[in-house]
């Protein structure tokens, strides 16, 4: 394949945890050419990204939108939401296709958006909520792909097909357990080793923007409670629903099988419930479930690696579809 | 205080995790005299219980019911349930008061008991479900105290007062996260370091005997899902309920304040949610909660140290009340 | 015992990790009365020290030397070294006895002190290097007890008796593995959960002030390399020496038995090497060893809880001796 | 490339930790075709190797040497040493090239071998100690590649060039810290989660067969002490030596630069010491060092992923060289 057949890609926010994963995925991606990497300060990849030096010999330079637009066809943003809100319009204006990992452009409802992402005035034309399994048809034309948050990814993958099929009766409870890398690279008291080690904590109850994101995608309210657990990478979500009368294990399985028949990164494990360990360092979302036939209660367990399927991996997956590559390109390890 | 004023106590199962904690608590208990310690094989406390050698110079001998009954007034059993079922009748017959940490004698309903603990034919007279905060009045006369399991303790402490006050409408979901010591000291694939480290897993869905135990105490069904998280000691339970119309944060607080006004080991933290770290190595159960006033949904978070308030500490707490000592004796550190 | 027989004690730096342990130990110490607790900002113990609220109902106030001197007989300082250097002279001038957990007053050699603790101009009269097992005789008269650092405590306890007995030939290597709480409570990149979890790192090679402290106590050079390992509490040091010709296992054991015959907090485990788990949450230093008779090489393994025997516990132990109490008072759990 | 240009490879011991990594590496290796996978019992890869099902749809069958020889050109053995000793002669006899990850064929000295691996009577012709960086020239002709243990790999990579260059004066101390996966997949008390979490332990002092292996490769005695630290994957070794008079930092660097100029998997980090985190999930060995010029003492820190460069990755690296492929094939991620 000629060099010109590669897509020139850039990463802004290259030294954060999601950014590092983007760099690692894109540096070895067979259809991408990594032409720009920007961080909050200049550094060599050898120091910031020790796992990358053998794959990429570029330099990480401070964020510069002009430079970023000049050197790339597509841009991945792993920036804080306010920085994304600043940068996205300029990049779109210059015709760059943008894969934004922040939450800035995920909420379509302007009231919700004003509450959670007040810096984002309007949704640009050509915006898509980039859960790849849901938006494949829109991706080739999309200009801005708002890649979902780490918590919404397993929740929506597990619940959206059931909701569409009318298999959810009553309340939805989503109890999420996340590794600490999900809280980012900036040291805080909450993510200090000695505070997390040997502990579990709930946070953001009735007040987490990912709850709003999940509700948008499902079109119904959920009770969503995130927790920090003492591990680095991975999310496990335990989801509690009631099935309508007459529906059981078979109905769930049939809906999932149909929904994900052509989705290589969703693996259905049935009654053999998935664990974080089996998805860590992969782009898979594993989904298992148990039904109590007598009562109609169902418990669904969904797991991802929060930095891959919950961030960088999913962005690359959507990039693949957007540019007409096999969805698995660069991710099928 | 004269030596004769001490209660002579014995521990069977002294080298398991709960047994080690019993030994540690009883060896320094100001009103107990540790006169017998039995394990699955003979050993010195220096080897089996390195933290104890300075407090107790006895020997751990193989389990022998005659010897155990001969040398003690009260006996703590930290044995597998079948072993408890074998030993309890003989000890009661000889007039010993028994504090059983296994599940053998916790379920009053004979159908449930036959299902979960088939070796236990009948509940002896004078049996009490030993959640101290619930059974103080019964303890002085109790012959057999069936100390609650680690998972039921925070669940029942958090839910029983609300259920009695009519504050629970609709389903109850209990999502429990437990440290690995709760699975015991015997090495298994599931508790192998490399399988647990970096992972979270759900298990026992719709099929955990602690679910039956919680339902017995609440008198209503619950959906209970336990999880293993990669830490040693502690349980955090996130509990999801709906309040009846009109009830809110204040109603929950009022019920809890009244229920636990005289319970030194229950700490109410309100909207400042508790974490495992703050109860580890203590006998406290910390309970916090959040209410979404608009929807009536409430989330309650309750934490304990599974080996103390969820096992050895609670047994000693009930022992204190049973023998007329201050409930905090030997536990107030 | 009358209230007046208690020593009025104060803690400065009460909310750091070592300070929290001091508060916990002193609040329940049978011969101390905790009359002042100061931190970098005012707070309630319920919030800063959730494990303490049931034992102590005072308030944590901002550091104020006048207040601290007014209300106390003895003061424990768990402050950064520069803050200690500021506060110690004023407290000594007012006749308070000071137990300083910082490194400020540990180095007697003025050149070394000028290098590592430049703010400390001179050593006050009545200063003692407070490794309790070494300085019992000096403690009753000491005005300022410079409690040793976490790394020097096991190193000096393991090596000083051998050095005095002429049992060390050639180089000394001390490879120390420390839990992350030793790095303090302030969040940093190095102590961020995701950086420590799953990792081990060496630091401070040929440039750690605790190396100078160990060399002072042994009177000879050492190679000391500290490492961060992914746990919260505890230090294990592996110490490599050569024995003089003819000396073997028996010589080491004899020297240790004699040196620590009257030291309840040093436990000798011989060839059954100690682990961090068995000393965590205790004030013990456990020491084990192996000798290769053919070559004369010896490996000594020493473990402590860095926040107890390596900080707060040792300070209280020295306080006990200084005031004529049994050395174990408040520590023998 | 035609199918026939692939090397048909088999894995025995496919479900252990090193075996799983071999399966993962070989299933996606562009020049290998995985034609046989054997374990202690039959199973589907979906259950035993959840991360592999998308890459390989074969079955894991019980170990059968005839079948293994029939279907393969080259065989990787991730078996216990006694099982390797049983299987290797039969495989060699049938002309298969063998990459053995056990220790069975690593020690050339018959006395040492009789002591540590008594089941191995003789070293077959065409045997090579397979530290790839040392044996590249021998690999194309080798019939049996005895891949080094996890502990010897970083030790020998760090020390052999210095020893050859005459840069080591006096004793060598190697203090190794290993993740628990190095102890294998079989549950034991020592590798039980609650025993490892929060602990560090030394073991095998003066009695670890990897010490003998290191001494063989260096041609001189070492003091080697392995430790278990609470993480899953990775080894960090801290190595203590003295340099001859006049030698310093520059001499070490020059020797390393020359030794590893053509070794893509050895990365020299100089005074910026490597950590486990930066090599985990890679086949790199990172080496850093510090020298105290005044005293001539040097400390070298070397890190690997024990399951990759310390096991499966190194075996594949040697396989690549043996069959004439680029050394990085299938490992350069």
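Residue numbers (our numbering), protein chains in the order written: chain A, 142 to 474; chain B, 142 to 474; chain C, 142 to 474; chain D, 142 to 474. Using N, Cα and C, we set each Cβ at its ideal position, and we do this for glycine too. Note that the coordinates shown come from a computational prediction; the quantities given were computed from them, not determined experimentally.
Query: Just tell me which of A:329, A:371, A:462, A:363 has its CA closest to the CA of residue 342 (chain A).; Result: A:371
Query: Going by CA-CA distance only, name the one from B:154, B:147, B:163 that's closest to residue 447 (chain B).; Result: B:163
Query: Against residue 275 (chain B), what residues of chain C qualify as contacts under a CB-to-CB distance less than 9 Å, listed in chain order?; Result: Within chain C, no residue comes near residue 275 (chain B); the closest Cβ sits about 21 Å away, beyond 9 Å.
Query: Determine the extent of the alpha helix (DSSP H) in which residue 457 (chain D) is found, giving its start and end residues.; Result: 454–463
Query: How would you label residue 247 (chain B), buried or exposed, when you count the other beta carbons within 10 angstroms and need 16 or more for buried?; Result: buried
Query: Give the residues of chain B in contact with residue 419 (chain C), contact being defined as C-beta atoms less than 9 Å apart.; Result: 191, 192
Query: Do you know how far the Cα of residue 180 (chain C) is from the Cα of residue 401 (chain C)?; Result: 36 Å
Query: Could you give the DSSP three-state label for residue 425 (chain B): helix, strand or coil?; Result: coil
Query: Residue 440 (chain B) and residue 389 (chain B) - do their beta-carbons sit closer together than 8 Å?; Result: no
Query: If you compare alpha carbons, which of B:338, B:280, B:398, B:403 is closest to residue 409 (chain B)?; Result: B:398
Query: Beta-carbon separation of residue 166 (chain D) and residue 442 (chain D) under 8 Å?; Result: no
Query: Counting only beta-carbon atoms, is residue 344 (chain D) nearer than 8 Å to chain B?; Result: no
Query: Please go through the same chain and pick out, in chain order, the residues whose beta-carbon is closer than 8 Å to the beta-carbon of residue 212 (chain A), but skip the five residues on each side of it.; Result: 149, 151, 176, 177
Query: Out of B:153, B:320, B:157, B:337, point me to the one whose CA is closest to residue 420 (chain B)'s CA.; Result: B:320
Query: Give the range of the alpha helix (DSSP H) segment to which residue 294 (chain C) is assigned.; Result: 293–305
Query: Tell me which residues of the region 378–393 of chain D have at least one Cβ-Cβ distance to chain C shorter than 9 Å, keeping chain order.; Result: 379, 381, 383
Query: How big is the Cα-Cα spacing for residue 453 (chain C) and residue 427 (chain C)?; Result: 17 Å
Query: What does DSSP give as the partner residues of residue 391 (chain D) in its beta bridges?; Result: Looking at the DSSP assignment, residue 391 (chain D) forms no beta bridge with any residue, so it has no partner.
Query: According to DSSP, is residue 219 (chain C) part of a helix, a strand, or is it coil?; Result: coil
Query: If you draw a straight line from the C-alpha of residue 472 (chain C) to the C-alpha of residue 159 (chain C), how long is it?; Result: 15 Å
Query: Could you tell me the boundaries of the alpha helix (DSSP H) in which residue 272 (chain D) lies?; Result: Looking at the DSSP string, residue 272 (chain D) is not in any alpha helix (DSSP H), and its letter there is neither H nor E.
Query: Between residue 382 (chain D) and residue 309 (chain D), how many whole angstroms is the CB-CB distance? I'm expecting something under 8 Å.; Result: 5 Å
Query: Which residues of chain D have a Cβ atom closer than 8 Å to the Cβ of residue 339 (chain B), listed in chain order?; Result: 373
Query: Residues bridged to residue 367 (chain A) by DSSP?; Result: A:317
Query: Taking the Cβ atom as the reference point for each residue, do residue 296 (chain C) and residue 355 (chain C) lie within a distance shorter than 8 Å?; Result: yes
Query: Interface residues of chain A around residue 312 (chain B) at Cβ under 9 Å?; Result: 311, 312, 314, 381, 383, 438
Query: The region 346–376 of chain D: which residues have C-beta closer than 8 Å to a C-beta of chain C, in chain order?; Result: 346, 347, 362, 364, 366, 368, 370, 371, 372, 373, 374, 375
Query: Hey, residue 335 (chain B) and residue 322 (chain D) are a contact pair by Cβ (cut 8 Å); roughly how many whole angstroms apart?; Result: 5 Å
Query: Taking residue 211 (chain A) as part of the alpha helix (DSSP H), name the residues at either end of that continuous run.; Result: 206–211
Query: I want to verify the contact list: residues of chain D whose CB lies under 9 Å from the CB of residue 89 (chain A), in sequence order.; Result: Nothing in the structure corresponds to residue 89 (chain A), since chain A is present only between 142 and 474.
Query: Say whether chain C places a C-beta atom closer than 8 Å to the C-beta of residue 336 (chain D).; Result: yes
Query: Tell me, to the nearest whole angstrom, how far the beta carbon of residue 274 (chain C) is from that of residue 396 (chain C); I am working on the premise that it is less than 8 Å.; Result: Contact flag wrong, Cβ pair sits at about 14 Å.
Query: For a test of the three-state rule: what should DSSP assign to residue 383 (chain C), helix, strand or coil?; Result: strand
Query: In whole angstroms, give me the CA-to-CA distance for residue 214 (chain D) and residue 290 (chain D).; Result: 24 Å
Query: Helix, strand or coil for residue 444 (chain A)? Go by DSSP, reduced to three states.; Result: strand
Query: Does any residue of chain D bring its CB to less than 8 Å from the CB of residue 416 (chain C)?; Result: yes
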